[in-house]
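Chains as they are written, first to last, in my numbering: chain A, 1 to 66; chain B, 1001 to 1265. For every residue, glycine included, the Cβ atom is placed at its ideal position computed from N, Cα and C. Every value quoted in this text rests on a predicted model; they were computed, and no experiment measured them.
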């Protein structure tokens, strides 16, 4: 099924949790903040939220800025 | 390195219950490379360092988080909401930043105009109220308008950050009178943010009596950012020291420094 991650359409397996998704993307869950359908998901809860068709997921971190 | 407070017997800067030894805060954007950024931050003596919130690049070959190069135990990370044009966006970015888990401070920016990057003060006030309510320590980037600054203080902001001149312009302190007025009327710290171009700008800004100064481009876009960071550190301390010392009154006529008596016939 398709989800939208950071504005890009991606194929993920049905039933994938956010934590598994980060692992698949080789992202350290401690180094990113996850927003799932416009709601922030706490680090501790990432393994409990499964993604569904069409979900919008934003993965953000800190970059250089003023 | 001796701290600014030790050098000039100043009191530390206190914002939102945190104290800082340096009155210079620096950004992390636009550096030619990360090594230069790290050395420049070190040379600046800054403790508060700003960062932005952006999407992770899913192509892992590309750049990674700025936190790979900064030690959050040594510096105080101040997340900004740069690039946000509405209160709702700024609130969203602030919440994401807080979730990163470092602190509940945010440098709140709501931009109103793409060409000048001047703040949208209505959106800024709206976002500030919501974020203060949510327990954020809000440092609000605003223009040099006293009434807006007063409203931001009323809204519960931990600090108000009037600009010296537009972001990244390097035009220096364009309106010292307004910045002084804001400083005189507010109780919360006033940190001038944006617009300084070189060390003299930082010095003149601090001479107005403001509590601190935040800059990014002036250091990052200098030919030698590390040396400029050092210059900014010294200029900030010098300006603060001069303010504390109290300058002589200005006069329109000359007054000799040497005795007029005892001259030869």
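In the DSSP assignment, residue 1217 of chain B falls outside any beta strand (DSSP E) and lies within the alpha helix (DSSP H) extending over 1217–1220. When DSSP states are grouped into helix, strand and coil, residue 1230 of chain B belongs to the helix group. Contact between the segment 1169–1178 of chain B and the segment 43–55 of chain A is absent: fewer than 3 CB-CB pairs across the two stretches fall below 8 Å. When DSSP reads this structure, residue 35 of chain A sits in a beta bridge with A:40, A:58.
When C-beta distances to chain A are compared with 9 Å, the residues of the segment 1025–1053 of chain B below that value are 1026, 1027, 1028, 1029, 1030, 1031, 1034, 1037, 1050, 1051, 1052, 1053, in chain order. Exposure of residue 1154 of chain B is indicated by the presence of fewer than 16 other C-beta atoms within 10 angstroms of its C-beta.
Taking 3 residues as the shortest admissible run, the segment 1035–1059 of chain B contains the following complete beta strand (DSSP E) segments, listed from N- to C-terminal end: 1048–1055.
A Cβ-Cβ contact shorter than 7 Å links residue 1202 of chain B with residue 1196 of chain B.
Under the DSSP assignment, residue 25 of chain A falls outside any alpha helix (DSSP H); it carries neither an H nor an E label. The beta carbon of residue 26 of chain A sits closer than 7 Å to no other beta carbon from its chain once the five residues preceding and following it are set aside.
Interface flag for residue 66 of chain A against chain B is set, since a Cβ pair is found closer than 7 Å. Against chain B, the CB of residue 37 of chain A has no partner CB under 7 Å away; the residue lies outside that interface. Here the alpha carbons of residue 4 of chain A and residue 1164 of chain B stand approximately 41 Å from one another. Taking the Cα positions, residue 1243 of chain B is about 52 Å away from residue 56 of chain A. If you ignore the 5 residues before and after residue 1085 of chain B, its C-beta comes within less than 6 Å of the C-beta of 1111, all in its own chain and listed in chain order.
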